[in-house]
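Below is one structure, written out as structure tokens; the observations come after it.
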Amino acid sequence: MSQHHAAQFEALADLYEDLSDWPFRRYIETPSVLERIGDVRGRDLLDFGCGAGTYARRFKRAGARRVVGYDLADGMLASARRRAADEGLQIEFVAELGPPLEGAFDLVVAVYVLPYAQTLPELRRMCAQMLAPLRRGGRLITLPIHPDYDPAPAYYEPFGFRMTPQRADAAHQDGTRIQLDLFYQQRHDASVHAWYWSRAAIDAALRGAGADAVSWHDPQLRADPAAPPELAAYARRPHAAIVECVRG
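If you're matching positions, the sequence shown starts at 13 in the numbering used here and goes up one per residue.
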């Protein structure tokens, strides 16, 4: 993610922290991601595009040995540092990646990062940046826009957001810009831009960066009596997919 992209997130730290508790994430996305990640005890993890540090703190509380959060947005990093300090968690938060972090991690998690690549060359660079911190055999788990997301802007409104392709007839074409409006329970009102990339484009970018065993997974709705019934519609057409791969 470039500095230009980071600017749109500077003032959104509280929103992104709150977003982790929205029903579609609480009951579908986050449990699905954590199931893919598995046991982190004694592992070294990098939260790539960490935002306010929600996942980074979760990893440290779960027993990870070393946790580093990386983000370009100073506002996000300041919030992440403050929240980790409030919980007494030893987490490093950095605004740069480089040789000291290359090959240092067992797992890289990058939630909602790939959608901010505007061009194919940028998508390829981003994939290389996400894989470089991994040891050989280390895993990357990342969440792009789902290749089959519903392009009707109103479809996701019951879940607190709206996705509007710049051109309706190009909703599933590589490089299409999407406006993401967030408005859950009127607590927040914000918009950011993201870009759509197909399964083929992402697979090629990951494999070109050295990834093996690329696999795609849909987030699943677990049986939970507390889950709102309307989440079944989200589970049928989730807006994000879970991609897992291994650094070769």
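Cβ coordinates follow ideal geometry from the N, Cα and C atoms, glycine included.
Note that this is a predicted model, so its numbers are computed, not measured.
- In the DSSP assignment, PHE71 falls within the alpha helix (DSSP H) that extends over 66-73.
- For PRO156, the closest C-alpha among the options PRO145, PHE173, TYR124, ARG73 is that of TYR124.
- Assigned with DSSP and collapsed to three states, ARG248 falls in helix.
- Look at ILE190 here: in three-state DSSP terms it is strand.
- Spatial neighbours of LEU218 in its own chain (CB-CB distance under 6 Å, excluding positions within 5 residues in sequence) are listed in chain order as CYS139, VAL226, CYS257.
- Nearest to ASP56 by alpha-carbon distance, out of LEU119, LEU46, ALA183, ARG189, is LEU119.
- Nearest Cα to ALA238 within the set TYR39, TRP34, SER32: TYR39.
- DSSP, read as helix, strand or coil, puts TYR167 in helix.
- Sixteen is the threshold: when 16 or more other Cβ atoms of the shown chains lie within 10 Å of the Cβ of THR66, as they do, the residue is buried.
- Non-local C-beta neighbours of ASP162 in its own chain, meaning closer than 6 Å and more than five positions away in sequence, comprise ARG249, ordered along the chain.
- Inter-segment contact for the region 205-213 and the region 177-187 is present: three or more beta-carbon pairs are separated by less than 8 Å.
- In the three-state reduction of the DSSP assignment, ALA206 falls in the strand class.
- In terms of CA proximity to GLY110, TYR82 leads the group ALA221, TYR82, ARG151, PRO35.
- Burial state of GLY115 is exposed, judged by a 10 Å Cβ sphere holding fewer than 16 other Cβ atoms.
- By the criterion of a C-beta distance shorter than 8 Å, TYR168 is surrounded in its chain by ASP162, ARG174, MET175, TYR246, HIS251, once the five residues flanking it on both sides are discounted.
- DSSP links TRP228 through a beta bridge to VAL255.
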